[in-house]
Amino acid sequence: PPANVLSTVDPSLVRFRAQALQADLPKISSAEAARIVPPPSPGFPIAGGVSATMTVGLEAHPAERTVTLIATPQASAEWIRPGVSAFLEIVVRGTEGPALAVPRSAIVQDGLTHVFFRRDPADPNKAIRVEADMGVSDGLWVVLNSGVMRGDEVVLSGAYELKLATQQSGAAQKGGHFHADGDFHGDH
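Residue numbers (our numbering): 3 to 190.
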């Protein structure tokens, strides 16, 4: 029997197939833009995504309650090849103009609040704890509405350790007890 010796692939015909929840169909159909991005891993730039045109496919999967999305990259990139896994980012809501965003991993949760740390401009060996006033997020980046300005350095590596050192919820309480009349006694 004859064997395949060579396969030819036209990279301009590569399509990206993704699955989306049926419940998200109203948001997806009015999407403003789409991007195909590589998974976060060493060697791939963070901003290595490629703009794409996206259409909702003809097939749905009732058992998973998903629909197929087909995206066509508008440009080529080194990592776009048949069989390579990636993510499809669909813009359903955004900011009016440019906004300051930080990596989502720089924000840590302390009890019910989210916090981040920025380097003290007066003393680079100190970090300032700031409650995060978060805006829209794409899962990798999150917009900060306040607490940070252009040029501020946000702590990324070590944010969790800083949170533990400055933790406010669950902090050790002084020992003691309350009496029925509401008086607190810490000495006996």
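The beta-carbon is built from N, C-alpha and C at its ideal position, and this holds for glycine as well.
When the beta-carbon positions are compared, residue 24 and residue 86 stay at least 8 Å from each other.
The region 72 to 84 makes contact with the region 6 to 25, as at least three CB pairs between them are under 8 Å. Residue environment analysis places residue 98 among the exposed positions, since fewer than 16 neighbouring C-beta atoms fall within 10 angstroms of its C-beta. Looking from the CA of residue 60, the closest CA among 149, 27, 51 belongs to 27. Taking each of 57, 56, 37, 103 in turn and checking the Cα distance to residue 50, the smallest one comes out for 37. Approximately 6 Å separates the beta-carbon atoms of residue 84 and residue 11; this is inside 8 Å, confirming the contact. Annotated three-state conformation of residue 168 is helix, per DSSP. The Cβ neighbour count for residue 91, taken over all protein chains shown within 10 Å, is at least 16; the residue is labelled buried.
For residue 60, the enclosing beta strand (DSSP E) stretches over residues 52 to 63. In the structure shown, residue 161 falls within a helical segment according to DSSP collapsed to helix, strand and coil. Here residue 110 is not near residue 29, since their CB atoms are 8 Å or more apart. Cβ-Cβ distances below 6 Å link residue 168 to 131 in the same chain, with the five nearest sequence neighbours on each side left out; the list follows chain order.
Between residue 58 and the set 44, 161, 33, the nearest pair of CA atoms involves 33. In the same chain as residue 40, and ignoring 5 residues on each side of it, the C-beta atoms closer than 6 Å to its own belong to 46, 50, 81, 88, in chain order. For residue 106, the secondary structure class from DSSP, reduced to helix, strand or coil, is helix.
Here residue 158 has 105, 107, 108 as same chain residues with Cβ atoms under 7 Å from its own Cβ, once five neighbours each way along the sequence are excluded. Assigned with DSSP and collapsed to three states, residue 100 falls in coil, not helix or strand.
Taking 8 Å as the upper bound for CB-CB distance, residue 103 and residue 52 are not in contact here, some 19 Å apart.
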